[in-house]
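A.B. asks: Here the sequence shown is numbered in my numbering, starting from 6 and rising by one per residue.
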Amino acid sequence: MTLAISIPNSPALARQSSPDAAEQARRAEALELAAHWLSLGAHLVPLRPRSKAILAGYGLKGRQLTTLNQARFHLRAGANLGLILGGPGRFACLDFEDTVLYEQWRTTLGREVNTWTERTARGVHVFFQAAGPEALQHCAAPHQADFLTAGFVTLAPSIHPSGSRYTVLDRLPIAPMTLAEQRILVPFTRPAVVRTQTVLKGEGERAPLPTARLNYQEMAREIRRRRRVSDEASRLGIEELKARGGGLDKWKARCPFHAGDDPDSMWLDDATGLWGCASTNCRAQQERSAHDVITLRAWADGVPLGRAIASLAHELGLTR
Ligand SMILES: [Zn+2]
Numbered sequence: 006m007t008l009a010i011s012i013p014n015s016p017a018l019a020r021q022s023s024p025d026a027a028e029q030a031r032r033a034e035a036l037e038l039a040a041h042w043l044s045l046g047a048h049l050v051p052l053r054p055r056s057k058a059i060l061a062g063y064g065l066k067g068r069q070l071t072t073l074n075q076a077r078f079h080l081r082a083g084a085n086l087g088l089i090l091g092g093p094g095r096f097a098c099l100d101f102e103d104t105v106l107y108e109q110w111r112t113t114l115g116r117e118v119n120t121w122t123e124r125t126a127r128g129v130h131v132f133f134q135a136a137g138p139e140a141l142q143h144c145a146a147p148h149q150a151d152f153l154t155a156g157f158v159t160l161a162p163s164i165h166p167s168g169s170r171y172t173v174l175d176r177l178p179i180a181p182m183t184l185a186e187q188r189i190l191v192p193f194t195r196p197a198v199v200r201t202q203t204v205l206k207g208e209g210e211r212a213p214l215p216t217a218r219l220n221y222q223e224m225a226r227e228i229r230r231r232r233r234v235s236d237e238a239s240r241l242g243i244e245e246l247k248a249r250g251g252g253l254d255k256w257k258a259r260c261p262f263h264a265g266d267d268p269d270s271m272w273l274d275d276a277t278g279l280w281g282c283a284s285t286n287c288r289a290q291q292e293r294s295a296h297d298v299i300t301l302r303a304w305a306d307g308v309p310l311g312r313a314i315a316s317l318a319h320e321l322g323l324t325r
């Protein structure tokens, strides 16, 4: 709050004391969004109006807004709103510097990511919440995007110093993210580090950790190389794999992805690493003719491809 009591005819004061209808609506929205973040366990900080500077008396280590009553006081006076990253809510923000970079990510690695997303002055903020025991990593890729897990970010509907307004693009539940998923979904901020832990027998100590860098495509390729589709089908409980001739590595089975009586409609080929379904009623045929071990895991578990890659990579020892 600025106290500008004794400055008559100050235009700034006039604006502040009688906000127009649009500004009143914005402040009401700020309250509503603050209530939403607080309901998720977020800690917020009030920022100065049209600024990214935290209001005096508040801070990353100091006082923060944890109740709507505290937030109401500042937001009604036109304050901007900041979200504390890391901390109690374990929030993280993928911060794209411009919308072109965001669109590129959204149509490739991030195509199955559904989460709360906001438009910033120039770019896009994509929000996540750490899942699993490990904290997410604070990473950066200059001139592309930062993966922020500490500090704070400005939230919608704050007003940027330039005058533009932060807006909510996708109003969705915030997606949980594990460290393994971070490495796969945001590899450009810091390439996925794959460690093979070798225990030297008799010494009881760990050998130095050899590291290799695998990007998303390389990790998918490695999974396809190491995991046969027939083994994955067996793990998923697809029963009665039958040899279908034409080679020892070719199988047929009852397809779990469509309703029907044909016990042999699903085909699996360990030589090519592909599987598919002969039924025209089947999603497997409608979406594409052939699929790989990653799609099989994703469909069977009902998870996005990125998460299927993460769980397979973990089981195969491709991640720490
Ligand atoms: Zn099928």
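We put the beta carbon where it would ideally sit given N, CA and C, even for glycine.
1) State yes or no: is the C-beta of Ala-289 nearer than 7 Å to some heavy atom of ligand 1?
2) Report yes if the C-beta distance between Val-131 and Leu-88 is below 8 Å; otherwise report no.
3) Classify Lys-257: buried if its beta carbon has 16 or more other beta carbons within 10 angstroms, exposed otherwise.
4) Taking only the alpha-carbon atoms, compute the straight-line gap between Arg-233 and Leu-190 and give it to the nearest angstrom.
5) Using 8 Å as the Cβ pair cut-off and three pairs as the minimum, do the segment 107–118 and the segment 69–89 touch?
6) For ligand 1, I want to know if His-296 counts as a neighbour, meaning its beta carbon is within less than 7 Å of at least one of the ligand's heavy atoms.
7) Considering only the alpha carbon of each residue, which of Ser-44, Gly-311, Ala-135 and Gly-278 lies closest to Phe-152?
8) Leaving out five residues on either side along the sequence, give the residues of the same chain with a beta carbon under 8 Å from the beta carbon of Val-172.
9) When you measure from the CB of Cys-144 to every non-hydrogen atom of ligand 1, does any distance come out below 7 Å?
10) When the distance is taken between beta carbons, is Thr-183 closer than 8 Å to Ala-303?
11) Per DSSP, which residues does Glu-123 bridge with? Please list them.
12) Applying the criterion that 16 or more other CB atoms from any shown protein chain within 10 Å of the CB defines a buried residue, is Gln-69 buried or exposed?
13) For Ser-270, verify whether its CB is less than 7 Å away from any heavy atom of ligand 1.
14) Can you give me the Cβ contacts of Ile-179 inside the same chain, cut-off strictly under 6 Å, excluding the 5 residues immediately before and after it?
15) By alpha-carbon positions, which one of Thr-285, Cys-287, Asp-274 and Gly-311 ends up nearest to Asp-297?
16) For Arg-31, count neighbouring C-beta atoms within 10 Å of its own C-beta (all shown protein chains included) and say buried if the count is 16 or more, exposed if not.
17) In chain order, what residues of the same chain lie with their CB nearer than 6 Å to the CB of Glu-34, ignoring the 5 residues before and after it?
18) Excluding five sequence neighbours on each side, which residues of the same chain lie with their C-beta closer than 6 Å to the C-beta of Ser-270?
19) Roughly how many angstroms lie between the CA atoms of Thr-112 and His-319, to the nearest whole one?
20) Just to confirm my understanding: we take Leu-73, look at its own chain, exclude 5 residues before and 5 after, and list those with CB closer than 8 Å. What are they?
21) Let me know the secondary structure DSSP gives Asn-74 once reduced to three states.
22) Within 10 Å of its beta-carbon, does Gln-290 have 16 or more other beta-carbons around it, so buried, or fewer, so exposed?
23) Would a C-beta distance cut-off of 8 Å place Ala-313 and Leu-241 closer than the cut-off?
24) When DSSP builds the beta bridges, which residues end up paired with Val-158?
25) Are there 16 or more other CB atoms within 10 angstroms of the CB of Asp-266, so buried, or fewer, so exposed?
26) Would you mind reading off the limits of the beta strand (DSSP E) that contains Leu-241?
27) Hey, how far is the Cα of Asp-103 from the Cα of Arg-55?
28) Quick one: using the 10 Å Cβ neighbour count with 16 as the cut-off for buried, is Gly-115 buried or exposed?
29) Would you check whether ligand 1 has a heavy atom nearer than 7 Å to the C-beta of Cys-98?
30) Spell out the partners DSSP gives Met-182 in its beta bridges.
31) Just to confirm, are Leu-317 and Ile-243 a CB contact at a threshold of 8 Å?
C.D. replies: The structure says:
1) yes
2) no
3) buried
4) Going from the Cα of Arg-233 to the Cα of Leu-190 covers about 24 Å.
5) no
6) no
7) Ranking Ser-44, Gly-311, Ala-135 and Gly-278 by Cα distance to Phe-152 puts Ala-135 first.
8) Correcting the residue identity first, residue 172 is Thr in this sequence and not Val. Within the same chain, Thr-172 has close Cβ partners Glu-123, Arg-124, Ala-161 and Pro-162.
9) no
10) Taking 8 Å as the cut-off, the Cβ atoms of Ala-303 and Thr-183 do not count as close.
11) His-130 and Val-173
12) buried
13) yes
14) Thr-120, Trp-121, Phe-132 and Gln-134
15) Asp-274
16) buried
17) Pro-162
18) Excluding positions up to five away in sequence, the list reads Cys-260, Cys-282, Ala-283 and Ser-284.
19) 25 Å
20) Leu-36, Ala-39, Ala-40 and Leu-43
21) Here Asn-74 sits in helix by DSSP.
22) buried
23) no
24) As DSSP reads the structure, Val-158 sits in a beta bridge with Leu-88.
25) Per the 10 Å Cβ criterion, exposed.
26) Where Leu-241 is concerned, there is no enclosing beta strand (DSSP E), given that its DSSP letter is neither H nor E.
27) Here the alpha carbon of Asp-103 sits roughly 20 Å from the alpha carbon of Arg-55.
28) buried
29) no
30) Ala-135
31) no
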